[in-house]
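**Student:**
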Amino acid sequence: NAGVTQTPKFQVLKTGQSMTLQCAQDMNHNSMYWYRQDPGMGLRLIYYSASEGTTDKGEVPNGYNVSRLNKREFSLRLESAAPSQTSVYFCASRPGGSWGDQPQHFGDGTRLSIL
Amino acid sequence: GDSVTQMEGPVTLSEEAFLTINCTYTATGYPSLFWYVQYPGEGLQLLLKATKADDKGSNKGFEATYRKETTSFHLEKGSVQVSDSAVYFCALPYSSASKIIFGSGTRLSIRP
């Protein structure tokens, strides 16, 4: 039972390069999320997809794009990486509906360094 | 607007000490409340939850009571272990939205 799978686990990029972080869940969840985690700043929401076919901006969307490819997969793209985007990125999913009954499940993260 | 304020860390305790990590919130209505835990090198895991006022969530010896009078959801454990060393996050769903707010996290270190 894999849950939420993120690839790659680690990546080093040069400033200006592009890359896509992949996320897939096998729990048939409706909603998916991308967060970044920086020291002392907790988790900040980048984008989310409340259901297949929809995406919305979170707190810190600048410099990122997302694609909800299908119900299982939600990718995050950095078009032109900047050192300020060095962070740990987490994908999460939840079934939808009441938060009390349906909390989020998280992947193990992608550790991204931009030189 | 909705917000979560969490006790700043780091917190360092000796094994078997009593733990409290404070969390207060501002919200419309009475949302569910959560505590998540993040062990080194891993993603967040749900530790416990409470879905209405006066509920007590519990798991792995941790407890938290949803107190609407003080708008608080403090995390407690009677006797911590080295294996409890982790970062703990209080979390609150936004009112009428698909998003959730996380506190800034509290890093807990337990000395043998």
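Here the protein sequences line up with chains A and B, keeping their order.
Heads up: the first sequence is residues 766 to 880, going by the working numbering.
Heads up: the second sequence is residues 13 to 124, going by the working numbering.
C-beta atoms are modelled at their ideal positions from N, C-alpha and C, and glycine is treated no differently.
By the criterion of Cβ-Cβ separation under 9 Å, what are the contact partners of A/Val854 in chain B?
**Tutor:** The amino acid occupying residue 854 of chain A in the given sequence is Tyr; Val does not appear at that position. None at all; the shortest Cβ gap to chain B is about 10 Å.
**Student:** Of all the CB atoms in chain B, is at least one closer than 8 Å to the CB of A/Leu810?
**Tutor:** By this cut-off, A/Leu810 is an interface position.
**Student:** Would you mind stating whether A/Tyr765 and A/Thr875 have Cβ atoms separated by less than 8 Å?
**Tutor:** The shown model of chain A, from 766 to 880, leaves out residue 765 of chain A, and the question about it has no answer.
**Student:** Does DSSP classify A/Asp821 as helix, strand or coil?
**Tutor:** DSSP places A/Asp821 in strand when its eight states are reduced to three.
**Student:** Let's see if you can read the secondary structure: which residues bound the beta strand (DSSP E) around B/Arg123?
**Tutor:** Run containing B/Arg123: Thr118 to Arg123, per the beta strand (DSSP E) assignment.
**Student:** Does the distance from the CB of A/Ser796 to the CB of A/Ser814 come in under 8 Å?
**Tutor:** Closer than 8 Å, so yes.
**Student:** Taking the CB atoms as reference points, tell me whether B/Lys72 and B/Ser44 lie closer together than 8 Å.
**Tutor:** No. Outside cutoff.
**Student:** Write down the C-beta distance between B/Thr32 and B/Glu75 rounded to the nearest angstrom, noting that I regard them as a contact closer than 8 Å.
**Tutor:** Not a contact, Cβ separation roughly 10 Å.
**Student:** State the beta-bridge partners of B/Thr77 as determined by DSSP.
**Tutor:** DSSP output for B/Thr77 lists B/Lys68 as bridge partner(s).
**Student:** Go ahead and label A/Val861 buried or exposed: buried means 16 or more other beta carbons lie within 10 angstroms of its beta carbon, across all protein chains shown.
**Tutor:** Strictly speaking, residue 861 of chain A in this sequence is Gly, with Val absent from that position. Exposed, since its Cβ has fewer than 16 Cβ neighbours within 10 Å.
**Student:** Can you list, in chain order, the residues of its chain with a C-beta nearer than 6 Å to that of B/Leu10? Leave out the 5 residues immediately preceding and following it.
**Tutor:** In the structure as shown, chain B begins at 13 and stops at 124. Residue 10 of chain B is therefore absent and cannot be evaluated.
**Student:** For the beta strand (DSSP E) containing A/Tyr854, name the first residue and the last one.
**Tutor:** Counting along the chain, the beta strand (DSSP E) containing A/Tyr854 begins and ends at Ser852 to Arg859.
**Student:** Any beta carbon from chain B within less than 8 Å of A/Pro868's own beta carbon?
**Tutor:** So yes, A/Pro868 belongs to the interface.
**Student:** So B/Thr118 and B/Tyr100 are supposed to be a Cβ contact under 8 Å. How far apart are they, rounded?
**Tutor:** Right, their Cβ atoms sit about 5 Å apart.
**Student:** For A/Ile879 versus A/Gln850, is the C-beta spacing smaller than 8 Å?
**Tutor:** Going by C-beta atoms, A/Ile879 is nearer than 8 Å to A/Gln850.
**Student:** Mapping DSSP to helix, strand and coil, what is A/Ser814?
**Tutor:** Strand, per DSSP.
**Student:** So does the segment 837-848 of chain A actually touch the segment 25-39 of chain B, counting three or more Cβ pairs closer than 8 Å?
**Tutor:** Result no; under three Cβ-Cβ pairs closer than 8 Å.
**Student:** For A/Ala789 versus A/Arg859, is the C-beta spacing smaller than 8 Å?
**Tutor:** No, Cβ-Cβ distance for A/Ala789 and A/Arg859 is not below 8 Å.
**Student:** Quick one: using the 10 Å Cβ neighbour count with 16 as the cut-off for buried, is A/Phe775 buried or exposed?
**Tutor:** Flag for A/Phe775 reads exposed.
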